[in-house]
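Q:
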Amino acid sequence: MLQVSDNNLTGTIPPSLANITTLTHITFSYNHIRGNIPSEFADLASLQYLYAAVNQLTGRFPQAILNLSTLIGLDLGPNGLSGEVPPNLCASLPNLQILVLAENFFIGNIPSSFTNASNIYDVDLSINNFTGLVPTTIGRLTKLSYLNLGQNQLQANSKQDWVFLDNLGNCTELQMFSLSSNRISGHVPSSLGNLSNQLQELYLGENQLSGDFPSGIANLCNLILLSLGANHFTGVVPEWIGTVKTLQLVDLGGNYFTRGIPSSLSNLSQLGSLYLDSNQFIGHIPPSLGTLPMLQCLDIYNNNLSGRIPMEIFKIPTLFILKLSSNSLDGQLPTDIGNAKQLVHLLLSSNKLSGDIPNTLGDCESLEDIELGSNIYSGSIPASLGNISGLKVLNLSANNLTGSIPTSLVNLQLLEKLDLSFNHLKGEVPTKGIFKNATIVRIDGNQGLCGGVLELHMLACSVMPLNSIRHKRSLMLKIITPIASMVSLAMVIFVLFLWRGKHKRNSVSLPSFATKFLKVSFKDLAKATHGFSTSNLIGRGSYSSVYQGKLVEYENEVAIKVFNLETRGAQKSFIAECNVLRNVRHRNLVHIITACSSIDSNGNDFKALVYELMPRGDLHKLLYSNRDHEGSSDWYVITMAQRISILVDVADALEYLHHNNKGTMVHCDLKPSNILLDDNMTAHVGDFGLARFKVGSTTSSQCNSSSSSVAVMGTIGYVAPAATGVGGNSSGVEGKRCKLSATYSKHWPLLHQVISR
């Protein structure tokens, strides 16, 4: 016997070992041996066991092995061997009982000569590139107890291709069978129920299986592990699943199962892991699941569940993973969560959970991951969260949290990610602990926050005095250009029509915003736009693309503005629009329905805004695109009365933005393409990506107080000459330039209306 496993050996196997003709056992496993099995090993006539697993062997299947007729055990995986396995392998090795070729690069068909090795009980061919069908002769191996064919490219497309399963019923000692991660398709035959009653592990996940839940599983009375995940199964999960009481792990995730979660699962008293994620389950979470005494992992992520989270769930003494994200769960998080001392991962994001985050959450001393983002939580952040010393991820983004950031969070030394973005937090940002590292802290979208480290780019908490009105008027005089006479005459006409229009209009009530915004996910928006299809694309800008779509929970069609976060400035544009639209409401501003800050299907950041769709498009298109379609069905003539009405609408919007009771807002990029029209030809001002808002001031319109450089903001041609340093003194501050740009550019819609036909 030669046993040299796990010794960090390098080099190749010495051919001279073949001189020891009496060797019966050779074990080289867990080393760094290269090359291949020497051809001289064919002379080892007494060799019974050859184990060379977990090395770096390469080349074709060693031909010398075919001469070792006395071989009982052969283990060559994992290594780097490739090519086809000889079809006569088992014919040459009739005494073989153990065959392990896992984790290599073998190709071709699985040898059908298994029947010649009638004593074989352990076969592991997983993680290779075997193709074709599973040999029907495999069912003749009556002593087979372990059969792993997972992670290959095996196929079964027709009923005839499933014959191997019928024959496998002859393997009465089979305890483990895996066909996972192959290309097996179609319905699972009922003969699955004829497999050995000793079967404990069944892996059929990650294939293309379809149809109803396999009925044959009901006969597998000793089954411990059932994996059907990542297939195309449909229908309901039957209540009889609760009769297979030996189950310890059930994976049904990534299918299309519908209706409710069967309450009979609570009968599986030994169940440790339950994966029901990414299906189409509806209804409530059965409270009876809280009676499972050994449950460690409950994953029901990405379904259509509603109702409250049963408090019984948090009384399971062994639960350490709870994933309920991306459902429609509502209500408050039970205070009983403090009893879950062993809970490690709590993922409840993208639901409709509301109320305060319970202080008892801080009693869950084992927590490492808290994900509560994209809900409707209100109140303050519990200071008790600072007591969870092992916390690594804390995500409370996209809620309605108020108050200040608890200083206790600086005690979380192991925190790797903190996301408090898009809430209503205020006050000074801490500068100690995790808050020193701006790369792992997100606090954007909280208008009331200030201070913090410089890398967070927050406003200082001390506010500088506002500029005087006299200084602003002095700068205004410097933007007079050669078109002043034309603009002045046009403004006189504009004011007359504005005065008439205001007296003719009835009072229009503003929409109520007491109703909470819709909660939408990336999945909802992708579905609404057919996967962001180009056929749904209705516009494209510097930072974003706009798609037309239809949300399930909203009766009218919507415009979905998706930000290209790889473009520099897109993130800032998204934040600017959110900050503006949360502070302004007017009948002549584009109405926002909701926002989405999430991740896409590839795990990348995803941000989008959802607006009411303006069926008539933008003013620029109506004024100029009509020239290319005159006489066609797309041709639309804008009457003079409609043009005047549009100008009055824009003026109303600008008057509100500049003088509303919440502060002064400057658009900074007003142009015809940013004026949108509904079916009634009512104008709505949109695209606030460059807008700037100054709270509690109508005498200042600071554009970017955090920058000392002067940049041209807005579209060239619609920006005031003085704001670009042309036609006037360019030594003014940037905030004044932006106000001048807004004052100047609001005349351009009038000029376009007059000169276009």
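Taking full-length UniProt numbering, the leading residue of the sequence shown gets 1, the next gets one more, and so forth.
Backbone N, C-alpha and C define an ideal beta-carbon position, used for all residues, glycine too.
1. Determine the extent of the beta strand (DSSP E) in which Asp299 is found, giving its start and end residues.
2. Would you call Ile20 buried or exposed, if buried means 16 or more other Cβ atoms sit within 10 Å of its Cβ?
3. Which of helix, strand or coil does DSSP assign to Ala45?
4. Do you know whose CA, among Asn109, Ser266 and Gly307, lies nearest residue 838's CA?
5. What residue from Tyr49, Leu68, Asp277 and Gly80 has the CA that sits closest to Arg60's CA?
6. Could you tell me the distance, in whole angstroms, from the CA atom of Asp524 to the CA atom of Gln548?
7. Are the beta-carbon atoms of Gln48 and Arg34 separated by less than 8 angstroms?
8. Hey, would you say Glu365 sits closer than 8 angstroms to Val393, going by beta carbons?
9. Could you pull out every residue in the same chain whose Cβ sits closer than 6 angstroms to the Cβ of Asp678, ignoring the five residues on either side in sequence?
10. Please classify residue 758: does DSSP put it in a helix, a strand, or coil?
11. Taking 8 angstroms as the threshold (C-beta atoms), are Gly242 and Asn267 in contact?
12. So the candidates are Leu228, Ser196 and Pro78; which of them puts its Cα closest to the Cα of Phe105?
13. Starting from the N-terminal side, write out each stretch of the beta strand (DSSP E) that is 3 residues or longer and does not extend beyond the region 112–154.
14. If distances are taken between C-alpha atoms only, which option among Gly617, Val580 and Asn231 comes closest to Leu657?
15. Report yes or no: do the region 164–181 and the region 193–200 share at least 3 C-beta pairs separated by less than 8 angstroms?
16. Skipping 5 residues on each side, what residues in its chain have a beta carbon closer than 8 angstroms to that of His591?
17. Grab the span of the alpha helix (DSSP H) containing Ala641 for me, first residue to last.
18. Looking at Asp369: is its Cβ nearer than 8 angstroms to the Cβ of Leu346?
19. Tell me the DSSP secondary structure of Lys519 in three-state form.
20. So, with DSSP's three-state summary, where would you put Ala608?
21. Where Thr515 and Ile376 are concerned, what is the direct C-alpha to C-alpha distance, given to the nearest angstrom?
22. Residue ranges of each beta strand (DSSP E) run of no fewer than 3 residues wholly in the region 526–568, ordered along the chain?
23. Look at the alpha carbon of residue 774 and the alpha carbon of Val344, and state the distance between them as a whole number of angstroms.
24. Are the CB atoms of Ser544 and Val562 nearer to each other than 8 angstroms?
25. Below 8 angstroms between beta carbons: does that hold for Pro672 and Leu589?
26. Since Gln571 is in the beta strand (DSSP E), which residue starts that stretch and which ends it?
27. Out of Asp336, Val188, Ser349 and Leu9, point me to the one whose CA is closest to Asp299's CA.
28. Between the alpha carbons of Pro358 and Asn351, how many angstroms are there, rounded?
29. Let's test the definition: count the other Cβ atoms within 10 Å of the Cβ of Tyr256 and tell me whether it reaches 16, buried, or not, exposed.
30. Please classify Asn303 as buried or exposed, where buried requires at least 16 neighbouring CB atoms within 10 angstroms.
31. Taking the alpha-carbon of Met681 as reference, which of Phe688, Val666, Ala641 and Thr529 has the nearest alpha-carbon?
32. Using three-state DSSP, classify Gly501 as helix, strand or coil.
33. State buried or exposed for Met1, treating a residue as buried only when at least 16 other CB atoms are found within 10 Å of its CB.
34. Could you name the residues of the same chain whose beta carbon sits closer than 6 angstroms to that of Ser5, not counting the 5 residues immediately before and after it, in chain order?
35. Could you tell me if Glu84 is buried or exposed, where buried requires 16 or more neighbouring beta carbons within 10 angstroms of its beta carbon?
36. To the nearest angstrom, report how far apart Gly451 and Ser354 are at their CA atoms.
A: On the basis of the coordinates in this document:
1. One-based indexing of the sequence shown puts residue 299 at position 299. Cys297 to Asp299 is the extent of the beta strand (DSSP E) around Asp299.
2. Reading the sequence shown from its first residue, position 20 is the one you call residue 20. Classification for Ile20: exposed.
3. The residue you call residue 45 lines up with position 45 of the sequence shown. Residue state, collapsed to three classes: coil.
4. What the structure shows of the chain is the stretch from 1 to 757, and residue 838 is not part of that stretch, so it cannot be assessed.
5. Here residue 60 corresponds to residue number 60 of the sequence shown, with the count starting at 1. The residue with the shortest Cα to Cα distance from Arg60 is Gly80.
6. Locating residue 524 in the sequence shown gives position 524, where the first residue counts as 1. Locating residue 548 in the sequence shown gives position 548, where the first residue counts as 1. Answer to the nearest angstrom: the Cα atoms are 13 angstroms apart.
7. Position 48 of the sequence shown, counting from 1, holds the residue named residue 48. Position 34 of the sequence shown, counting from 1, holds the residue named residue 34. Cβ distance not < 8 angstroms, so Gln48 and Arg34 don't count as in contact.
8. Within the sequence shown, numbered from 1, the residue matching residue 365 stands at position 365. Within the sequence shown, numbered from 1, the residue matching residue 393 stands at position 393. No, the pair does not count as a contact, with Cβ atoms beyond the cut-off.
9. For this step, residue 678 is matched to residue 678 along the sequence shown. Answer for Asp678: Met614, listed in chain order.
10. The displayed coordinates of the chain run from 1 to 757. Any statement about residue 758 would go beyond what the structure contains.
11. Counting from one through the sequence shown, the residue named residue 267 turns up at place 267. Counting from one through the sequence shown, the residue named residue 242 turns up at place 242. Yes.
12. In the sequence shown, residue 105 corresponds to position 105, counting from 1. Phe105 has its Cα closest to that of Pro78, out of Leu228, Ser196 and Pro78.
13. 122–124, 129–132 and 146–148
14. Working through the sequence shown from its first residue, we reach residue 657 at position 657. The residue with the shortest Cα to Cα distance from Leu657 is Val580.
15. yes
16. The residue you call residue 591 lines up with position 591 of the sequence shown. If we look at His591 and ignore the five residues flanking it on each side, its Cβ neighbours are Pro511, Tyr611, Glu612 and His684.
17. As a first step, residue 641 must be located in the sequence shown, where it is residue number 641. From DSSP, the alpha helix (DSSP H) with Ala641 extends over Met640 to His659.
18. Indexing the sequence shown from 1 puts residue 369 at position 369. Indexing the sequence shown from 1 puts residue 346 at position 346. Yes, the Cβ-Cβ distance between Asp369 and Leu346 is below 8 angstroms.
19. Here residue 519 is taken as the residue at index 519 of the sequence shown, counted from 1. Note: Lys519 maps to coil in three-state DSSP.
20. Translated into positions along the sequence shown, residue 608 becomes position 608. Strand.
21. In the sequence shown, counting from the first residue as 1, residue 515 sits at position 515. In the sequence shown, counting from the first residue as 1, residue 376 sits at position 376. Note on Thr515: pLDDT 43, under 50, position unreliable in the model; no value is reported.
22. 537–540, 544–549 and 558–563
23. In the structure as shown, the chain begins at 1 and stops at 757. Residue 774 is therefore absent and cannot be evaluated.
24. In the sequence shown, residue 544 corresponds to position 544, counting from 1. In the sequence shown, residue 562 corresponds to position 562, counting from 1. Cβ atoms of Ser544 and Val562: closer than 8 angstroms.
25. As a working mapping, residue 672 is identified with position 672 in the sequence shown. As a working mapping, residue 589 is identified with position 589 in the sequence shown. No.
26. Residue 571 sits at position 571 when you count from the first residue of the sequence shown. Gln571 -> not in any beta strand (DSSP E); alpha helix (DSSP H) instead, spanning Ala570 to Leu581.
27. Here the question's residue 299 lines up with position 299 in the sequence shown. The option with the nearest alpha carbon to Asp299 is Ser349.
28. Here residue 358 corresponds to residue number 358 of the sequence shown, with the count starting at 1. Here residue 351 corresponds to residue number 351 of the sequence shown, with the count starting at 1. Near 17 angstroms, if we compare the C-alpha coordinates of Asn351 and Pro358.
29. Working through the sequence shown from its first residue, we reach residue 256 at position 256. Classification of Tyr256: exposed, given that the 10 Å Cβ count is below 16.
30. As a working note, residue 303 is residue 303 in the sequence shown. Buried is the call here.
31. On the sequence shown, position 681 is the one that residue 681 refers to. That would be Ala641, whose Cα lies nearest to the Cα of Met681.
32. The residue you call residue 501 lines up with position 501 of the sequence shown. Only weak support is given to the placement of Gly501: the predicted model assigns it a pLDDT of 48, under 50, and the value that follows is read from those uncertain coordinates. DSSP places Gly501 in helix when its eight states are reduced to three.
33. Within the sequence shown, residue 1 is the residue found at index 1, counting from 1. Classification of Met1: exposed, given that the 10 Å Cβ count is below 16.
34. The count along the sequence shown starts at 1 and reaches residue 5 at position 5. Closer than 6 angstroms at the Cβ level, and outside the excluded window around Ser5, lie Thr27, Ser29 and Tyr30.
35. As a position in the sequence shown, residue 84 is number 84, starting the count at 1. Exposed, by the Cβ-count rule.
36. If you number the sequence shown from 1, residue 451 lands on position 451. If you number the sequence shown from 1, residue 354 lands on position 354. If I take the Cα positions, the gap works out to 29 angstroms.
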